[in-house]
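Structure record follows, encoded as structure tokens.
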Amino acid sequence: MAKVSWKPGNMIYPLPAVMVSCRGGDGEDNIITIAWTGTIYTNPPMTYISVRPERHSYQIIKETGEFVINLTTKNLVKAVDFCGVRSGRDLDKFQQMNLTKEEAKVVNAPMIAESPVNIECKVTEVKELGSHHMFLAEVVNVNVEDGLMDENGKFHLSKSNPLVYSHGGYYETGKEIGSFGYSVRKKKRKKKKRKGTS
Ligand SMILES: Cc1cc2nc3c(=O)[nH]c(=O)nc-3n(C[C@H](O)[C@H](O)[C@H](O)COP(=O)(O)O)c2cc1C
6 MAKVSWKPGN MIYPLPAVMV SCRGGDGEDN IITIAWTGTI YTNPPMTYIS
56 VRPERHSYQI IKETGEFVIN LTTKNLVKAV DFCGVRSGRD LDKFQQMNLT
106 KEEAKVVNAP MIAESPVNIE CKVTEVKELG SHHMFLAEVV NVNVEDGLMD
156 ENGKFHLSKS NPLVYSHGGY YETGKEIGSF GYSVRKKKRK KKKRKGTS
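In the working numbering, the protein residues as written are 6 to 203.
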């Protein structure tokens, strides 16, 4: 199939679009939508968010070294967009989007109650790279919605209808089409019925 070359740019999509909540030294709570985020490694659990220094949230997170990554869902799509196009310098995004504040358990920042997963983070390092500075952070607590847990304690994030961001658009995720390791997993053989048995 023919391909067209584009000038170098970031085209790694889809990505999560998370809402990062933080609390300024004066007690002011804010939310910023972030797509440049991800896992750095598993043990200790390390994550990152890349933030432009001109963002209002940048100063807050730089000063306090604490924030919460709130995962997003189909129901939160309007708030995701709003928190990504309006600044906390001008308005209270919790109030404008009718989002419920919950106190984080380890860090001093609000969590968004409507989000199914709130990941509490402490900054370990700030890498002043290019257009964005990368906050490397340790995950210090994870809060998950108990309603998404089945009777065996298995967590079903997909039931929350997670939202993804892809090249300018927001999408809901579809149905599961495989699971980790399924391509090599041995299929359970169906027992053949023997004649004369029921
Ligand atoms: C889908 C989406 C993803 C975004 N991702 C980032 C990001 O990764 N880093 C960043 O600095 N800004 C990102 N932004 C822009 C900020 O969210 C936006 O400038 C916001 O208004 C900043 O809020 P604040 O001034 O209250 O901090 C994104 C915006 C949208 C809509």
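Beta carbons: idealized from backbone N, C-alpha and C, even for Gly. Here the structure is a predicted model, which means the values were calculated and not measured.
Does the beta-carbon of residue i have 16 or more other beta-carbons within 10 angstroms, so that it is buried, or is it exposed?
| i | result |
| --- | --- |
| residue 26 | buried |
| residue 71 | buried |
| residue 28 | buried |
| residue 35 | buried |
| residue 81 | buried |
Compute the distance between the beta-carbons of residue i and residue j, then report whether it is under 8 angstroms.
| i | j | result |
| --- | --- | --- |
| residue 75 | residue 24 | yes |
| residue 18 | residue 136 | no |
| residue 79 | residue 146 | no |
| residue 67 | residue 144 | no |
| residue 16 | residue 141 | no |
| residue 87 | residue 101 | yes |
| residue 119 | residue 104 | yes |
| residue 53 | residue 45 | yes |
| residue 69 | residue 30 | yes |
Which residues in the same chain have their Cβ closer than 8 angstroms to the Cβ of residue i, if we skip the five residues on either side of it in sequence?
| i | result |
| --- | --- |
| residue 60 | 37, 92 |
| residue 22 | 38, 39, 40, 77, 85, 89, 168, 169, 170, 175 |
| residue 108 | 115, 116 |
| residue 153 | 121, 160, 161, 162, 164, 165 |
| residue 83 | 102 |
Check residue i in the structure and name its three-state DSSP category.
| i | result |
| --- | --- |
| residue 18 | coil |
| residue 193 | coil |
| residue 3 | Any answer about residue 3 is impossible in this case: the structure gives the chain only from 6 up to 203. |
| residue 182 | coil |
| residue 90 | helix |
| residue 171 | strand |
| residue 80 | helix |
| residue 111 | coil |
| residue 26 | strand |
| residue 132 | strand |
Quickly, what does DSSP pair residue i with across the bridge? List them, please.
| i | result |
| --- | --- |
| residue 155 | The partner list for residue 155 (beta bridge, DSSP) is empty, contrary to what the question assumes. |
| residue 127 | 71, 143 |
| residue 121 | Paired residues: none, contrary to the question. |
| residue 51 | 46, 143 |
| residue 138 | 56, 133 |
Under the criterion of a Cβ to heavy atom distance below 7 angstroms, does residue i qualify as lining ligand 3?
| i | result |
| --- | --- |
| residue 40 | Judged by which ligands are present, ligand 3 is missing from the structure shown, whose ligands are ligand 1. |
For residue i, which residues of its own chain have a beta-carbon under 6 angstroms away from its beta-carbon, when the five flanking residues on both sides are left out?
| i | result |
| --- | --- |
| residue 112 | 71, 125 |
| residue 148 | 123 |
| residue 73 | 26, 109, 114, 116, 123, 125 |
Kindly list the residues whose CB is nearer than 7 angstroms to the CB of residue i, restricted to its own chain and excluding five residues on each side of it in sequence; keep chain order.
| i | result |
| --- | --- |
| residue 57 | 63, 136, 137 |
I'd like to know if residue i contacts chain C, where contact means its C-beta is closer than 8 angstroms to some C-beta of that chain.
| i | result |
| --- | --- |
| residue 70 | Going by chain labels, chain C is absent from the structure shown, which holds only one protein chain. |
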